[in-house]
Amino acid sequence: MLKKITVKAGLIALLSLMTMLLIMVSVIGVNAINEGSRSIQTLNQILGEELGSLANSSNLTLRARTAASLAVRQREVGQIDVSDATVGRIYGYLEQSNKEMARFVGVGTVTDRGRELSNRLQNSYRAYLEQGVKPMAAAIKAGKIDEYYHIQETRISALSIAFEKDLTDFRSFALKLGEKQVHEAESNASTKISLIVVAGLLSVLLAVLAWFALRVIILRPLDESIAQLEHIAGGDLTHQIRGEGDTEMGRLVRAMQRMQQALAGSVSKVRDASSQIDTGSRELAAGNLHLAQRTEESAASLEETAASMEQLTSTVKMNAENCEQANQLALSVSDIANQGSDVVSQVMSKMQAITDSSRRIADIISVMDGIAFQTNILALNAAVEAARAGEQGRGFAVVAGEVRNLAQRSAQSAKEIKGLIEASQSRVQEGEQMVESAAQTMSGITGEVGRVTALMREISAATREQSSGIEQVNLAVAQMDQVAQQNAALVEESAAATRSLEDQAQLLAQSMAAFKL
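Right, dumping it as structure tokens:
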């Protein structure tokens with residue numbers, strides 16, 4: 001039966017009963033407090049206000065009678081002024097007594113018997129004052145001592161006794177009424193205490209019943225759920241728990257069953273997945289190892305290629321520099337060849353000038369030879385004439401002989417010079433031929449040097465292009481080397497990640513092995 005009660009309904013019922021008991025106890029307590037308060041107010045009214053006012057009023061009237069006796073004695077001994085002052089105090093006491101009696105009347109009584117006794121007391125009080133005390137004071141003030149004694153002897157005692165009797169009756173009634181209120185308050189308090197005790201016992205009984213109900217509805221299923229959760233926490237997914245009823249705890253247990261089934265399915269899937277991940281990570285690790293080896297080999301080959309390309313680049317740069325220098329030398333040779341050609345042209349011009357000068361010298365030598373010949377003839381003629389002249393002509397003959405010798409010598413020198421000039425002309429002609437040949441050779445050299453210069457330009461341009469291409473290839477190889485190194489680093493990272501994945505897969509497999517399916 002209790003297993004069909006939901007936690008919500010049980011808590012609502014428990015809270016409702018506890019609330020009803022609390023309201024009942026509160027109502028009983030408030031009622032007891034109100035009744036006690038009313039009893040205290042009644043007692044305060046009876047004992048505090050009514051009896052207090054009556055006691056004050058009685059004391060004041062007694063003090064007025066005492067003052068009247070004192071005033072009479074003062075009057076009798078001739079202390080008239082003092083006696084008048086004492087009479088004034090009598091009226092003051094009576095006025096205060098009237099005020100206290102008015103307070104008593106103003107409080108009122110709570111029962112018919114009390115009102116009856118109060119009216120009798122008020123009547124006897126007024127008679128006591130109007131017929132007894134006040135006339136006595138008036139007689140004293142008027143100096144009528146005999147009248148004072150007459151009133152005291154004939155009326156005041158009876159009036160005083162009637163007032164005291166009514167006062168005593170009302171005081172007795174008030175005290176009895178107070179005792180009745182006290183008894184009623186005590187009886188009500190006892191009743192309320194009994195009700196509170198009963199409510200407390202009901203609360204205890206309700207708490208005990210609620211405890212047993214909570215054990216059946218909540219605590220026992222909760223303990224079973226905790227035990228089930230401990231099995232699950234220990235990895236045991238084989239333990240089953242039954243959820244009964246449509247209560248919250250029943251739904252909780254069924255939800256735990258579904259959670260356990262889902263967890264078992266997830267653990268099974270994770271086991272399979274961890275096994276596959278472990279196998280895949282091992283294969284991936286082996287592939288990463290082969291890839292790392294191939295990457296290292298590729299990196300080493302790229303490094304060797306990069307070194308060879310650097311050597312080739314330096315060689316091509318040297319060839320380019322040598323070609324540039326050869327081009328510069330070819331240009332210099334071309335310039336020198338052009339200068340040589342110009343010099344050869346100038347030599348040819350000079351050789352032609354020498355040839356012309358030789359020809360002119362030859363002509364001059366021919367003229368000198370003719371002159372020498374003519375001089376020789378003239379010397380011969382002079383010698384002949386000197387011989388004819390005899391002794392007079394001997395000196396002239398000597399001179400003519402010397403002139404002849406000189407002419408012969410001049411002729412001989414002219415012949416030698418002519419021979420030398422002819423030899424020089426022949427050598428100059430040979431030189432002209434050689435210069436012409438040299439000019440032709442220089443012209444050929446100049447042409448060839450021009451072609452060599454153009455070829456060196458082409459070679460230099462091609463070498464520069466080749467050097468630029470090799471530099472680009474070298475840059476590409478360097479980039480490939482860098483990429484290879486990065487790939488190697490990535491392969492190492494991938495290998496490390498694969499190893500970590502393998503470790504995690506093994507750890508996951510170990511963790512999943514702790515579950516029992």
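Numbering of the sequence shown is given in UniProt numbering, commencing with residue 1 and proceeding in unit increments.
Just so you know, even glycine gets a beta-carbon here, dropped at the ideal spot from N, CA and C.
In this text, all values refer to a predicted model and were calculated from it rather than measured experimentally.
C-alpha distance - residue i paired with residue j, whole-angstrom precision
i	j	result
Ala102	Ile23	45 Å
Leu329	Gln311	26 Å
Ala497	Leu263	28 Å
Leu167	Ile196	42 Å
residue 536	Arg73	The structure shown has nothing for residue 536, since the chain only spans 1 to 517.
Met348	Ala423	18 Å
Ile46	Ala162	Low confidence applies to Ile46: its pLDDT is 46, below 50, so where it sits in the model is not reliable, and the reading given next is rough at best. Approximately 22 Å, taken between the alpha carbons.
Ser160	Asn188	41 Å
Thr295	Ile336	59 Å
Ile371	Gln339	46 Å
Met368	Asn376	12 Å
Glu502	Thr238	29 Å
Asn44	Arg115	Unreliable positioning characterises Asn44 in this predicted model, as indicated by a pLDDT of 47, which lies under 50. The coordinate reading is nonetheless provided below. The alpha-carbon atoms of Asn44 and Arg115 are separated by roughly 17 Å.
Val107	Gly52	11 Å
Ser225	Glu186	55 Å
Glu130	Leu117	20 Å
Ala505	Ser467	54 Å
Ser266	Ala273	10 Å
Thr441	Ser366	37 Å
Leu70	Ser124	25 Å
Ser58	Ser97	7 Å
Leu201	Ile218	24 Å
Cβ-based burial, residue i [other Cβ within 10 Å; buried from 16]
i	result
Gly419	exposed
Lys180	exposed
Tyr93	buried
Asp146	exposed
Gln510	exposed
Glu321	exposed
Val208	exposed
Gly132	buried
Arg388	exposed
Arg404	buried
Phe104	buried
Gly250	buried
Gln260	buried
Glu458	exposed
Ile80	exposed
When the options are compared against residue i, the one with the closest alpha-carbon
i	options	result
Val253	Ser274, Gly234, Leu263 and Leu222	Leu222
Gln485	Leu284, Lys415 and Glu303	Glu303
Ala199	Val483, Ile459, Leu21 and Glu493	Leu21
Arg65	Asn56, Val87 and Ala55	Val87
Val25	Arg120, Ser332 and Ile193	Ile193
Ala488	Glu184, Gln96, Ala300 and Asp278	Ala300
Met136	Arg155, Asn123, Glu471 and Arg126	Arg155
Arg215	Leu11, Glu465 and Leu406	Leu11
Thr463	Glu153, Thr111, Tyr128 and Gln325	Gln325
Ser500	Arg251, Asp236 and Ile277	Ile277
Phe173	Glu50, Leu406, Thr305 and Gln374	Glu50
Val398	Glu385, Ser410 and Arg409	Glu385
residue 520	Ala513, Val491, Ala9 and Leu508	There is simply no residue 520 to check, as the chain begins at 1 and stops at 517 in what is shown.
Proximity test, residue i beta-carbon vs the ligand SAH heavy atom, cut-off 8 Å
i	result
Val208	What this structure holds is no ligand at all, so the ligand SAH is not there to describe.
Problem - Length-filtered (4 minimum) alpha helix (DSSP H) runs lying within the UniProt domain "HAMP" (216-268) - result: 220-233
Practice task
Starting from the N-terminal side, write out each stretch of the beta strand (DSSP E) that is 3 residues or longer and does not extend beyond the region 98-154.
Solution key: none
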